[in-house]
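Just so we're aligned, residue -10 is where the sequence shown starts under our numbering, counting upward by one. The next block holds one structure in the form of structure tokens; read it before the comments.
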Amino acid sequence: MAAFLKQLVRNRLISSLLCVSLLCNVAALALPFMRLRKGLDNEAYTLMHSVELLWEKGLYILSLLVIAFSILFPFAKLGTLFWVIGSEPTRSRHLHWLHQVERLGKWSMLDVFLVSIILSLASKQFLVGAQPQPGLTFFIAAILMSMTAGELISRKVNSHSPAKTGTERRQGGIFLALSGITLVAALAFPFLRIEDWLLKNREYSILTLIPALWAQGAWLASLITACFLVVTPLLVWFAGLIAWRSQAHNPIPSYWTQLAQRWSMLDVFGLALVVFALESDHIMRTEINWGALFLGATLVLQMLFSFALEKRLFSKSEE
-10 MAAFLKQLVR NRLISSLLCV SLLCNVAALA LPFMRLRKGL DNEAYTLMHS VELLWEKGLY
50 ILSLLVIAFS ILFPFAKLGT LFWVIGSEPT RSRHLHWLHQ VERLGKWSML DVFLVSIILS
110 LASKQFLVGA QPQPGLTFFI AAILMSMTAG ELISRKVNSH SPAKTGTERR QGGIFLALSG
170 ITLVAALAFP FLRIEDWLLK NREYSILTLI PALWAQGAWL ASLITACFLV VTPLLVWFAG
230 LIAWRSQAHN PIPSYWTQLA QRWSMLDVFG LALVVFALES DHIMRTEINW GALFLGATLV
290 LQMLFSFALE KRLFSKSEE
């Protein structure tokens, strides 16, 4: 009886999260994310507006990415999760699509991080200003609820792979050590600097982005920046350290490692930074700084470490 009640509560919670997420997604399409002021011009910045700016500049691939991940994918993910939870989620087809939407879910945050960068750079400027609008909050809430629902469904059906055994300690250690150094540098060093004679020349790192967003009134954006650009990337690194140090008799906690990786969004922020650098001319003149280079190096080193770790795991299992 207790198990039945627990299952009923879980299903009700998942269904509620999906329904509220759907409503928040619809609201986010209708409402602006921020109001952007440049001189005497004051315009609302919406999801479709960001697509128009990229398309007008001839950045067709990036505009299609924004359409795919920020407009179409959230609804596709919700549809998939409704489909999985509304049927018997034990068939391989269900599990395949569940894995796919989990893996891609965080990329819906692309436009959120793009708006966060603009809000931070435009803070306390005389000729340029930006204010967060309700659409940003609704969109963040929609993504967080859909990702949480996906995690609950995954735990319900035990869809994650079992823990893998450890590997030899010395292999891949160089990638892990270097990625730890570049990760700290990526968080602390400025990634952008304002280089516009009409504006105050400021520079921002990921760590200073957090209080800047808070001061702008974008409290939810500030919290997700702290959680998904600082806390979860550090957890991913420590999970990699555990994986590297573990021996054959000490299994790697693969579920928690995968969970941290799904909620770590440095790669999404990196793409948002690229998009901003390509379309920022109509707002202000900026230049890429060392923090962005360290961010790119961190992502590359993490991929190399993951590849080396998986290669060793497979080679060990074949022996």
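We put the beta carbon where it would ideally sit given N, CA and C, even for glycine. All of these numbers come straight from a predicted model, not from anything done at the bench.
Return helix, strand or coil for Asn31, following the three-state DSSP convention. In this structure, Asn31 counts as strand in the three-state DSSP scheme.
When you compare the CB positions of Ala119 and Leu133, do they come within less than 8 Å of one another, or not? Note that the C-beta distance between Ala119 and Leu133 is not below 8 Å.
When you compare each of Ser52, Gly169, Leu36 to Leu43 by their alpha carbons, which one comes out closest? Of Ser52, Gly169, Leu36, the residue nearest in Cα terms is Ser52.
Element boundaries [beta strand (DSSP E), containing Pro179]: Pro179 -> no beta strand (DSSP E), and no H or E assigned at all.
Alpha carbon to alpha carbon, what distance is there between Gly162 and Phe22? The alpha-carbon atoms of Phe22 and Gly162 are separated by roughly 42 Å.
Where Lys95 falls, given that 16 or more other Cβ within 10 Å makes a residue buried: Counting of Cβ neighbours within 10 angstroms places Lys95 among the buried residues, the total reaching 16 or more.
Out of Ala266, Ser295, Thr275, Arg234, which one is the CA nearest neighbour of Gly182? In the sequence on display, residue 182 carries Arg and not Gly. Cα-wise, what sits closest to Arg182 is Thr275.
How many Å lie between Arg(-1) and Phe180 at the Cα? So the two alpha carbons sit approximately 42 Å from each other.
In the DSSP assignment, find the unbroken alpha helix (DSSP H) run with Val264 in it and report its ends. Run containing Val264: 255 to 268, per the alpha helix (DSSP H) assignment.
Pairwise C-alpha distance: Ala16 and Ile129: Taking the straight line from one Cα to the other gives about 11 Å.
Distance, Arg234 Cα to Leu212 Cα: So the two alpha carbons sit approximately 32 Å from each other.
Quick test of the definition: if touching needs 3 or more C-beta pairs under 8 Å, does the segment 62 to 72 touch the segment 0 to 12? Judged by Cβ distances under 8 Å, the segment 62 to 72 makes contact with the segment 0 to 12, as three or more pairs qualify.
Cβ atoms of Phe164 and Leu290: under 8 Å apart, would you say? Between Leu290 and Phe164, the C-beta spacing is below 8 Å.
Gln122 - DSSP class collapsed to helix/strand/coil: The answer is coil: DSSP assigns Gln122 none of H, G, I, E or B.
I'd like to know whether the C-beta atoms of Ala281 and Leu293 end up nearer to each other than 8 Å. Judged by their CB atoms, Ala281 and Leu293 are not nearer to each other than the 8 Å cut-off.
Start-to-end residues for the alpha helix (DSSP H) that takes in Glu184: Run containing Glu184: none; DSSP gives neither H nor E here.
Taking the continuous alpha helix (DSSP H) assigned at Ile277, which residues delimit it? For Ile277, there is no enclosing alpha helix (DSSP H); the residue is found in the beta strand (DSSP E) stretching over 275 to 277.
Residue interval of the alpha helix (DSSP H) (run including Leu67): Counting along the chain, the alpha helix (DSSP H) containing Leu67 begins and ends at 62 to 74.
Does the CB of Leu181 have a neighbour CB from chain E at under 8 Å? This model lacks chain E altogether, as it is built from one protein chain only.
Would you kindly work out how many angstroms separate the C-alpha atoms of Gly194 and His85, rounded to a whole number? First, the residue type needs correcting, since residue 194 is Ser and not Gly in the sequence shown. Roughly 37 Å between the two C-alpha positions.
Secondary structure at Arg251, three-state DSSP: helix, strand or coil? Of the three classes helix, strand and coil, the one that applies to Arg251 here is helix, per DSSP.
What residues in its chain sit with their C-beta under 8 Å from that of Ser4, if we drop five residues either side in the sequence? Contacts found: Ile74.
How many whole angstroms separate the CB atoms of Leu267 and Ala175, which I take to be in contact at a CB cut-off of 8 Å? About 20 Å separates the beta carbons of Leu267 and Ala175, which is beyond the 8 Å limit, so they are not a contact pair.
Residues bridged to Met23 (per DSSP): Paired residue(s): Tyr34, Pro121.
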